[in-house]
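Residue numbers 892 to 1485, in the numbering used here, belong to the letters of the sequence shown in order.
Worksheet for the structure shown next.
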Amino acid sequence: MALLHRLIEDQVDRDPDGVAVLTDTEALTYRELDDRANRVARFLLDRGIRPDGVVGVGMDRSAALVAVLLGVLKAGAAYLPLDLDAPTARNADLLQRAGSAVCLCDGPSDLPGALPLPDLSGLAPARPDVRIREDGLVSVYHTSGSTGPPKAVASVHRGWVGRMRWMQDAHDLRPGERVLQKTTLTFDDAAVEVFWPLIAGGTVVMLPPGLHRDPAAIRAATVRHRVAVLQFVPSWLAEFLDLPHGPGLESVRLVVSAGEPLQPELVRRFRRAFGPDCVLRNLWGLTETSIDSTAHTCGPEDEEGPVPIGTVIDGAEVHVLDDLLRPCPPGRPGELYIGGSGLARCYLGDPVRTAERFVASPFGTGERLYRTGDRGLRRDDGALMFLGRHDRQVKLRGIRVELSEIENALVRHPSVVNAAVVLARDPLGEPCLVAYVAGPAPAPREEFVAFLSRELPPYTIPSLFVPVAEMPKTSSGKTDRKSLPPPDWSARSAAAAYRPPSTPLEQALAELWAESLGVSRVGVDDDFFLIGGASVHATRLMAHVRSAFTVDIPLQELFDHPTIARFAPVVEAAVHAAVAAMSDADVASRIAEP
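Listed below in structure tokens is the structure:
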């Protein structure tokens, strides 16, 4: 019987002294990781956790996080990852709906069942003896819900074991090779970065907390730790490739792209930067089907034409079906359905939505298929192509977002009678969300942002709110989204009281701010993220700041100091520190530069 944690225990027994987890300050051997995880499991069992129980995890990247995830599995439970940036009320609701009585946290928390991870050194490190089935729960990941609460995907050991084994069979990670763990735990791709290397004798390199949005920090960690495998959403791969390539990335032999359509131009840029010896693999799948179901190795031909999502991986099956669930011949578009051993058990506690998406196979096998909502076709050579969505779900920088969930939240605002949210592109061509709101007196953007932030995660907050007198309607009475007015990006107004820059440093930053956001002017009190800035804009801004001032400032500083008035002292201190660290000759050389 294959259980995910048992595969890792097998690796512990093969090489207990190999390095399992590496951070900038700590290295855990496989034996040390196993001992810590065993103690976590005993701690949970003492608190009544039983097989198929759900344990919340509200922790940031660390060696302790890996031990907790493994310990939850050893106790027979599933882990439920929480977004540390999401509203507390939202996280509390997810825990309560999943029936989680325990939530392990880095420190004190207001979440129900929160337990700051204590010192467990007094517990026995022996492996607990818990009876677990292959169809036992391994994780509960939440995806956006169109009309109700987020859907809790209940994944099982059998599916995840197959997914990790395929990854190893396909890419042959060698003992000691390093995989960078940088994906936020609430996205299921993070599981591949943790569990795949641990079943293969590799090393999980944990990117320090707060740096996952910073391509420069990711590059630095890759070079510093000689990472072999990186995983990106295409939009973030583009930001990574925007950095000066330089030496130090020779250790990278595999880059995985998943979560968004991969464009030929990005394949071309990747091959120029990394050369032919580094493999770029395009993966496609969903949380409901154990993360990924197809794979395609990119070659020179993908620099010119549409990039396939590939062929089916071991243990999965993918069908292109028409509206009557009949197979579509090659070249004819249809809806993509996924079957096989990777299917999740259900949407936890939601039999209605489970029945809508997990349907009986039309092939009379007695099996189920997952109705993805994705459109696609099969080429004559067997490769699958992704053609978009049937419904109103969109991908925004790799994250599944149900537009209806945002609309449903907006109409609960007292000034909104009707709302429509669309995926658009800002003046710089970046994908973003735009909300159209109809009501007697639409609130200012800041009020909408504060209202939505109480119940929705940050990535679902629209960049622009457009007031309309009334929503255009189709002849059937539905919102006519095609007739909505084009976004007026000048409406991304600054703070109510515009205060101009007053120093040369503030003026320089204001120009960089405006260039990065595609706006005409920025006041020193304008919050970068309240006037339309998203992570991708922040990354671009910090690249400009580093180039303009020749200083290395962590991206997190912008999140902590999002106005020019607050950020300028950070830049000034960084410049002074850089000058103080320079030798007299360096200073003279720098002053002499034109």
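In this text, a Cβ means the ideal position worked out from N, Cα and C, and glycines have one as well.
A quick note: this is a predicted structure, and the numbers were derived from the prediction, not measured.
Quick test of your reading: residue i and residue j, contact by CB under 8 Å. State the CB separation rounded to the nearest angstrom.
| i | j | result |
| --- | --- | --- |
| V912 | V1095 | 5 Å |
| V1466 | E1321 | Between E1321 and V1466 the Cβ distance is about 29 Å, and since that is not below 8 Å, they are no contact. |
| E1208 | G1231 | 5 Å |
| V1031 | A989 | 5 Å |
| V1302 | A1315 | V1302 to A1315, Cβ: 20 Å. No contact. |
| E1346 | A1300 | 6 Å |
| H1103 | T1074 | 7 Å |
| P1007 | C996 | 5 Å |
| E1397 | A1459 | 5 Å |
| H1187 | G1201 | 3 Å |
| L985 | L971 | 7 Å |
| G1004 | G947 | 7 Å |
Comparing alpha-carbon positions, which option in the options lies nearest residue i?
| i | options | result |
| --- | --- | --- |
| Q902 | W1087, Q987, S1000 | W1087 |
| A1334 | V1357, S1344, G1264, P1318 | V1357 |
| V1047 | T1430, A977, L1239, L1275 | L1239 |
| V1313 | A1469, L956, R1372 | R1372 |
| A928 | T1202, V1146, Q987, L1014 | L1014 |
| E917 | E1258, P1331, M1097 | M1097 |
| P1106 | A1434, A1235, I1455, L935 | A1434 |
| G1264 | Y1228, V1250, E1298 | Y1228 |
| D1193 | E1337, I1182, V1083, A1274 | A1274 |
| F1440 | A1341, E1463, L1449 | E1463 |
| G1330 | L1294, T1454, V1308 | V1308 |
| L1446 | T1454, S1438, A1429, A1456 | A1429 |
| L1177 | D1079, D1133, E1258 | D1079 |
| C1219 | L1268, E1258, R1291 | L1268 |
| L1260 | Q1284, A1235, M1276, R1280 | A1235 |
| A1379 | K1364, L1355, P1363, K1369 | For clarity, residue 1379 is Asp in the given sequence; the question names Ala instead. Among K1364, L1355, P1363, K1369, the Cα nearest to that of D1379 is on L1355. |
| V1170 | D1205, P972, S991, D1063 | D1063 |
| S953 | D915, V945, L973 | D915 |
| G1166 | A1471, P1009, L1145 | L1145 |
| W1431 | W1127, Q987, F934 | The sequence given here has Arg at residue 1431, not Trp. Among W1127, Q987, F934, the Cα nearest to that of R1431 is on W1127. |
| D925 | L1287, P1016, R981 | P1016 |
| N982 | T1034, R1160, S1393 | T1034 |
| Y1389 | I1422, P1395, G1409 | I1422 |
Near residue i, what residues of its chain come up, given a Cβ to Cβ distance below 7 Å and the 5 sequence neighbours on each side ignored?
| i | result |
| --- | --- |
| H896 | L961, L964, K965 |
| E1195 | P1155 |
| L1503 | In the structure as shown, the chain begins at 892 and stops at 1485. Residue 1503 is therefore absent and cannot be evaluated. |
| V1114 | G1139, L1140 |
| G1027 | P942, D943, G967, V1047, H1048 |
| T979 | D1001, L1002 |
| R938 | V993 |
| L1215 | none |
| D1418 | P1453, T1454 |
Where DSSP assigns a beta bridge to residue i, which residues make up the other side?
| i | result |
| --- | --- |
| Y1327 | A1311, V1357 |
| M1276 | L1268 |
| Q902 | According to DSSP, Q902 bridges with nothing at all. |
| W1051 | None; W1051 has no bridge partner. |
| Q1447 | Q1447 is not bridged to any residue. |
| M1097 | Q1072 |
| N929 | In the DSSP output, where bridge partners are listed per residue, N929 has none listed. |
| Q1122 | V1147 |
| E1293 | Q1284 |
| G939 | DSSP output for G939 lists no bridge partner at all. |
| H1516 | Here the chain covers residues 892 to 1485 and nothing more, so residue 1516 does not appear. |
| G949 | C996 |
| L1171 | V1146 |
| T1188 | R1172 |
| P1322 | R1316 |
If I measure Cβ to Cβ from residue i and keep anything under 8 Å in the same chain, skipping five residues before and after, which residues do I get?
| i | result |
| --- | --- |
| S1012 | R930 |
| V1052 | A893, L894, L895, L898, E1025 |
| P1066 | D906, G909, A1091, G1092, G1093 |
| A1405 | S1411, R1412, V1413 |
| S1071 | Correcting the residue identity first, residue 1071 is Leu in this sequence and not Ser. Counting only Cβ-Cβ distances below 8 Å, and skipping sequence neighbours, we find E1084, V1096, L1098, I1109, A1112, T1113, H1116, V1118, V1120, L1121, Q1122. |
| V1436 | L1400, L1403, V1442, I1444, V1462 |
| V1158 | L1171, C1189, D1193, E1194, V1198 |
If I measure Cβ to Cβ from residue i and keep anything under 6 Å in the same chain, skipping five residues before and after, which residues do I get?
| i | result |
| --- | --- |
| A932 | G962, K965, A966, P1019 |
| G1150 | V1124, G1289 |
| R905 | none |
| P1485 | Confidence in P1485 is poor, its pLDDT being 38 and thus under 50, which makes the residue's placement unreliable; the coordinate value appears in the next sentence. Once the five neighbours on either side are set aside, P1485 has no close Cβ partner at all. |
| G1190 | none |
| R1481 | Summary for R1481: the model assigns pLDDT 43, below 50, so the residue's position carries little reliability; its value from the coordinates is reported in the next sentence. Result list for R1481: empty, nothing under 6 Å. |
| T1370 | A1311, M1362 |
| D976 | P1349 |
Entirely within the segment 1197-1273 and at least 4 residues each: give me those alpha helix (DSSP H) ranges in chain order. For the segment 1197-1273, whole alpha helix (DSSP H) runs of length 4 or above, ordered along the chain, are 1242-1248.
Of all the alpha helix (DSSP H) runs that stay within the bounds of the segment 953-991, which reach a length of 4 or more residues? Whole alpha helix (DSSP H) segments, 4+ residues: 954-965, 979-989.
If we require 4 or more residues per run, which alpha helix (DSSP H) segments fall completely within the segment 1375-1430? Runs of the alpha helix (DSSP H) inside the segment 1375-1430: 1395-1408.
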